[in-house]
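Colleague: Quick mapping for you: the protein sequence lines, in order, are chains A and B. If you're matching positions, the first sequence starts at 414 in the numbering used here and goes up one per residue. If you're matching positions, the second sequence starts at 414 in the numbering used here and goes up one per residue. I have a structure I would like to understand better, so I am pasting it below and will then ask my questions one at a time.
Protein chains: 2
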Amino acid sequence: MDDRVRFSLDEVRELVASVLTRHGLAPAHVEACADVMTAGERDGGGSHGIFRLLMCMNSIRAGKVTLDAEPVVHDVAPGVVRVDAGGAFAPLAFRRGLPLLAKKAKAVGVAAMAVNDCCHFAALFPEVEAIAREGLVGFAFTPSHAWVAPAGGSRPLLGTNPIAFGWPRPGGDPFVFDFATSASARGEIELHRREARPTPPGWGVDPSGEPTTDADAIMAGAMLPFGGHKGSALSLMVELIAGPLIGDLTSVDSIAFDDGARGAPRGGELLLAIDPSRILGAAAGDHLARAEAIFDGVVSQGARLPSLRRYEARRRSLSEGALIPRKLVEEVRALLD
Amino acid sequence: MDDRVRFSLDEVRELVASVLTRHGLAPAHVEACADVMTAGERDGGGSHGIFRLLMCMNSIRAGKVTLDAEPVVHDVAPGVVRVDAGGAFAPLAFRRGLPLLAKKAKAVGVAAMAVNDCCHFAALFPEVEAIAREGLVGFAFTPSHAWVAPAGGSRPLLGTNPIAFGWPRPGGDPFVFDFATSASARGEIELHRREARPTPPGWGVDPSGEPTTDADAIMAGAMLPFGGHKGSALSLMVELIAGPLIGDLTSVDSIAFDDGARGAPRGGELLLAIDPSRILGAAAGDHLARAEAIFDGVVSQGARLPSLRRYEARRRSLSEGALIPRKLVEEVRALLD
Chain A
414 MDDRVRFSLD EVRELVASVL TRHGLAPAHV EACADVMTAG ERDGGGSHGI FRLLMCMNSI
474 RAGKVTLDAE PVVHDVAPGV VRVDAGGAFA PLAFRRGLPL LAKKAKAVGV AAMAVNDCCH
534 FAALFPEVEA IAREGLVGFA FTPSHAWVAP AGGSRPLLGT NPIAFGWPRP GGDPFVFDFA
594 TSASARGEIE LHRREARPTP PGWGVDPSGE PTTDADAIMA GAMLPFGGHK GSALSLMVEL
654 IAGPLIGDLT SVDSIAFDDG ARGAPRGGEL LLAIDPSRIL GAAAGDHLAR AEAIFDGVVS
714 QGARLPSLRR YEARRRSLSE GALIPRKLVE EVRALLD
Chain B
414 MDDRVRFSLD EVRELVASVL TRHGLAPAHV EACADVMTAG ERDGGGSHGI FRLLMCMNSI
474 RAGKVTLDAE PVVHDVAPGV VRVDAGGAFA PLAFRRGLPL LAKKAKAVGV AAMAVNDCCH
534 FAALFPEVEA IAREGLVGFA FTPSHAWVAP AGGSRPLLGT NPIAFGWPRP GGDPFVFDFA
594 TSASARGEIE LHRREARPTP PGWGVDPSGE PTTDADAIMA GAMLPFGGHK GSALSLMVEL
654 IAGPLIGDLT SVDSIAFDDG ARGAPRGGEL LLAIDPSRIL GAAAGDHLAR AEAIFDGVVS
714 QGARLPSLRR YEARRRSLSE GALIPRKLVE EVRALLD
């Protein structure tokens with residue numbers, strides 16, 4: 414039985430906006446947050462759609478997020494933008510900073526944007542996609558809550574610490590990927606716990622550091638990075654460059670701030686943008702066209718090219734709407750009471 | 414039986430320099446290449462020490478590398494340096510470009526350096542370590558030869574595509590990591606083949622794309638990225654940003670250029686440098702100090718912090734010299750005849 418409800422994307426946006434407005438979020442933030450969650454449903458739903466409202470509501474109810482801070486954009490250096498989000502949700506801060514990030518990348522060749530003091534509930538792919546749609550190569554990194562042990566360890570120190578990348582494809586949708594550097598999402602482990610199913614191997618360790626497939630033991634112990642010591646090194650990198658390098662919280666700081674509220678991670682985000690035209694000049698177009706041979710080489714051997722599934726889901730949901738689990742819809746509608 | 418020969422690091426450097434000089438490499442390149450291979454032996458040896466001479470000799474003998482090109486440094490944009498290596502080995506080009514990369518990062522906040530048209534035999538860690546010793550955060554990426562299939566594929570498309578990262582630690586050695594985005598090094602598979610031992614699972618697929626632990630079948634099929642589709646995405650990213658983005662060869666182009674010579678990969682390298690002081694101003698020192706808590710959090714739970722083993726090996730070899738397999742020493746000495 415497919416117990417899902419069909420929503421047009423306008424209806425998704427309206428539902429999200431109603432809930433956030435009802436709970437006091439300022440209009441500009443409502444719009445930016447609703448856009449991001451609608452983009453999640455549009456591109457395949459799951460944990461990055463309106464499901465994220467539940468986490469946002471935890472932040473709001475616990476007073477862990479500022480509802481009306483207007484982001485302040487600082488021009489810090491020829492290649493550096495800093496956006497002070499003032500403790501509010503991140504999407505509006507990104508939106509306010511993006512034009513200056515793009516302008517700097519186009520002037521200087523490469524630019525960095527630090528988004529500081531924000532409450533981060535969203536996937537990073539809409540951000541690197543937006544950078545790529547400016548004709549730039551984009552990178553995004555953010556810590557989260559300390560749930561993940563370093564490879565060989567037993568205690569949570571790192572966040573799920575996603576890495577996202579966007580690449581402009583002339584005449585087409587950007588190539589984008591966005592993944593957690595943990596072996597699994599936190600929510601997937603919770604799901605296995607609720608259903609009392611063993612997890613796949615490699616997702617976590619028990620409190621003594623022994624590998625386990627028992628979701629309860631992982632929740633008491635720690636999640637693991639993907640890909641052994643290499644994924645662990647990348648997670649450490651994210652922790653460093655989107656924490657201390659931009660003067661913001663680590664995943665350990667974030668979970669301490671959360672203090673059991675189960676809200677969105679609090680801290681910063683680092684974005685980088687590179688302008689191919691500033692490196693290659695007039696030859697940029699030819700070389701971007703050469704990149705297409707790499708994508709063809711993936712697809713022609715039947716391997717999955719990251720982002721293709723997302724764009725297929727997008728095309729489908731733009732015409733047919735999105736299917737959302739009935740139980741989730743009911744949970745979200747209850748937030749309107 | 415430990416059939417290894419003890420060399421002082423000066424003796425390592427001298428042996429490497431003699432071989433390269435004997436085969437016509439220009440003096441400035443000899444010095445830069447010998448430094449890099451000596452650094453490999455100094456930091457634990459293995460495949461990044463004088464073993465690399467064999468690959469360099471293949472390039473030289475096949476006429477796949479220019480022996481005397483002087484790198485040309487171009488100031489391309491306020492945040493972009495381009496070094497044209499002129500078909501020569503990479504280490505000298507990096508060395509010539511580093512001062513301008515560091516200067517730009519300190520002026521602008523973030524800078525990129527493209528090293529173009531080089532023959533790349535070395536590990537990336539000496540480069541990100543050098544960037545970090547300038548007080549900057551460093552990243553390095555380079556394609557290699559197309560030996561690796563994308564996750565879910567069966568045909569070589571990607572290189573072993575390493576990613577390296579360096580982070581300045583005030584008063585201490587930089588935090589550095591440097592790893593291939595393939596599940597294993599090419600040399601490790603060759604070693605298993607020679608010894609007719611099965612490889613660990615996950616290293617490769619046979620020509621039909623089926624997972625295999627047969628090293629011969631992997632050599633005929635393809636190596637795999639580390640960490641499934643996430644490592645595969647990162648390898649694709651390296652291919653893009655250190656290939657078309659800097660107007661240089663992909664791993665497919667490189668192996669075609671090599672044409673069976675078994676020489677070093679040919680193409681480009683992308684480096685990024687970020688200046689914490691240009692993001693954080695006077696607070697940079699305090700925030701770099703906060704990063705130390707992350708490193709402590711790794712070490713205190715008994716997990717391995719990348720680069721610590723390397724620095725321990727360095728301290729040991731600086732006082733006691735390096736141990737090099739006798740067979741390798743004989744192979745290298747034979748190159749002097």
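All C-beta atoms, glycine included, are put in the ideal place defined by N, C-alpha and C. Note that this is a predicted model, so its numbers are computed, not measured.
#1: Please report the Cβ distance between residue 507/A and residue 528/A, rounded to the nearest whole angstrom; I am assuming they are in contact, meaning their Cβ atoms lie under 8 Å.
#2: Near residue 524/A, which residues of its chain fall below 6 Å by C-beta distance, leaving aside the five closest residues on each side in sequence?
#3: Please name the residue, chosen from 596/A, 630/A, 428/A and 488/A, that lies closest to residue 648/A on a Cα-to-Cα basis.
#4: Tell me which residues of the stretch 648-668 of chain B have at least one Cβ-Cβ distance to chain A shorter than 8 Å, keeping chain order.
#5: Residues in its own chain within less than 6 Å of residue 579/B by CB, not counting five upstream and five downstream?
#6: Considering only C-alpha positions, which residue in the set 490/B, 724/B and 750/B is nearest to residue 458/B?
#7: Which of the three DSSP states, helix, strand or coil, is assigned to residue 610/A?
#8: Is residue 699/B buried or exposed, if buried means 16 or more other CB atoms sit within 10 Å of its CB?
#9: Distance cutoff 8 Å, beta carbons only. Does residue 567/A sit that close to anything in chain B?
#10: Would you mind sorting residue 455/B into buried or exposed? The rule is 16 or more other CB atoms within 10 Å of its CB.
#11: Cβ closer than 8 Å: which chain A residues qualify as neighbours of residue 492/B?
#12: Per the contact definition of three or more C-beta pairs closer than 8 Å, is the stretch 497-505 of chain B in contact with the stretch 439-446 of chain B?
#13: Suppose contacts are defined by Cβ-Cβ distances below 8 Å. Is residue 598/A in contact with residue 573/A by that definition?
#14: Quick one: does residue 539/B have its CB under 8 Å from some CB of chain A?
#15: Against residue 711/A, what residues of chain B qualify as contacts under a CB-to-CB distance less than 8 Å, listed in chain order?
#16: Assuming residue 643/A contacts residue 639/B under a Cβ cut-off of 8 Å, what Cβ separation, rounded to an integer in Å, is found between them?
#17: Quick test of the definition: if touching needs 3 or more C-beta pairs under 8 Å, does the stretch 471-481 of chain A touch the stretch 650-660 of chain A?
#18: For the putative contact between residue 526/A and residue 496/A, defined by C-beta atoms under 8 Å, what is the C-beta separation to the nearest angstrom?
#19: So what does DSSP say about residue 463/A, is it helix, strand or coil?
#20: In whole angstroms, give me the CA-to-CA distance for residue 581/A and residue 684/B.
#21: Residues in its own chain within less than 7 Å of residue 558/A by CB, not counting five upstream and five downstream?
#22: Would a check of beta-carbon distances place residue 580/B closer than 8 Å to chain A?
#23: Within 8 Å, do at least three Cβ pairs link the stretch 736-743 of chain A to the stretch 469-476 of chain A?
#24: For residue 670/A, decide whether its Cβ has a neighbour in chain B, counting only Cβ atoms nearer than 8 Å.
#25: Between which two residues does the alpha helix (DSSP H) holding residue 545/A run?
#26: Which residues does DSSP pair with residue 591/B in a beta bridge?
#27: Quick check on DSSP: helix, strand or coil for residue 434/B?
#28: Which ranges would you report for the beta strand (DSSP E) in the stretch 651-698 of chain B if only whole runs of at least 3 residues count?
#29: Just the C-alpha distance for residue 616/B and residue 607/B, rounded to the nearest angstrom, thanks.
#30: Quick one: list the residues of chain B neighbouring residue 528/A, beta-carbon separation under 9 Å, in chain order.
#31: At which residues does the alpha helix (DSSP H) containing residue 622/A begin and terminate?
#32: In the stretch 467-520 of chain A, which residue ranges form an unbroken beta strand (DSSP E) of at least 3 residues, counting only runs that do not cross its ends?
#33: At a CB distance below 7 Å, what residues from the stretch 703-735 of chain A approach chain B? Give them in sequence order.
#34: Under 8 Å, Cβ to Cβ, is there at least one residue of chain B near residue 515/A?
#35: Put residue 415/B into one of helix, strand or coil per three-state DSSP.
Modeller: The relevant details are as follows:
#1: Sure, about 6 Å apart at Cβ, within 8 Å.
#2: Excluding residues within five positions, the ones whose Cβ falls inside 6 Å are 492, 514, 517, 518 and 686.
#3: Closest by alpha carbon: 596/A.
#4: Result list: 649, 650, 652, 653, 654, 656, 657, 658, 659, 660, 663 and 665.
#5: Cβ within range, chain order: 541, 542, 544, 545, 551, 587 and 589.
#6: When only C-alpha atoms are compared, the closest one is 724/B.
#7: Under the three-state reduction of DSSP, residue 610/A is assigned to coil, being neither helix nor strand.
#8: Residue environment analysis places residue 699/B among the exposed positions, since fewer than 16 neighbouring C-beta atoms fall within 10 angstroms of its C-beta.
#9: Yes - at least one Cβ of chain B is within 8 Å of the one on residue 567/A.
#10: It is buried - the Cβ of residue 455/B has at least 16 other Cβ atoms within 10 Å.
#11: Chain order gives the chain A residues near residue 492/B as 491, 492, 521, 522, 523, 524 and 691, where near means a beta carbon separation below 8 Å.
#12: Yes: the two stretches touch, three or more of their Cβ pairs being nearer than 8 Å.
#13: Cβ atoms of residue 598/A and residue 573/A: closer than 8 Å.
#14: No, no contact with chain A.
#15: The answer, in chain order, is 563, 566, 570 and 649.
#16: About 5 Å separates the CB atoms of residue 643/A and residue 639/B; that is less than 8 Å, so the two are in contact.
#17: In this structure the stretch 471-481 of chain A does not lie against the stretch 650-660 of chain A, because fewer than three pairs of beta carbons, one per stretch, are closer than 8 Å.
#18: At roughly 7 Å, the Cβ-Cβ gap stays under 8 Å, so residue 526/A and residue 496/A are in contact.
#19: In the structure shown, residue 463/A sits in coil (DSSP, three-state: anything other than H, G, I, E or B).
#20: If I take the Cα positions, the gap works out to 20 Å.
#21: Non-local C-beta neighbours of residue 558/A in its own chain, meaning closer than 7 Å and more than five positions away in sequence, comprise 572, 664, 667, 668, 671 and 678, ordered along the chain.
#22: Chain A contact via Cβ: present.
#23: Not touching, per the Cβ criterion.
#24: Cβ-Cβ to chain B under 8 Å: no for residue 670/A.
#25: Note, residue 545/A: alpha helix (DSSP H), 538-546.
#26: DSSP lists 577/B as partners of residue 591/B.
#27: In the displayed model, residue 434/B falls within a helix according to three-state DSSP.
#28: List check, beta strand (DSSP E) in window: 679-687.
#29: Rounded to the nearest angstrom, the two C-alpha atoms are 16 Å apart.
#30: Those within 9 Å of residue 528/A in chain B number zero; the least Cβ separation is about 12 Å.
#31: Here residue 622/A belongs to no alpha helix (DSSP H), and DSSP marks it neither H nor E.
#32: With a minimum length of 3 residues, the continuous beta strand (DSSP E) runs that stay inside the stretch 467-520 of chain A are 485-490 and 493-497.
#33: Correct list: 703, 704, 707, 710, 711, 714, 715, 716, 717 and 719.
#34: Answer no: the Cβ-Cβ gap between residue 515/A and chain B never drops below 8 Å.
#35: Note: residue 415/B maps to coil in three-state DSSP.
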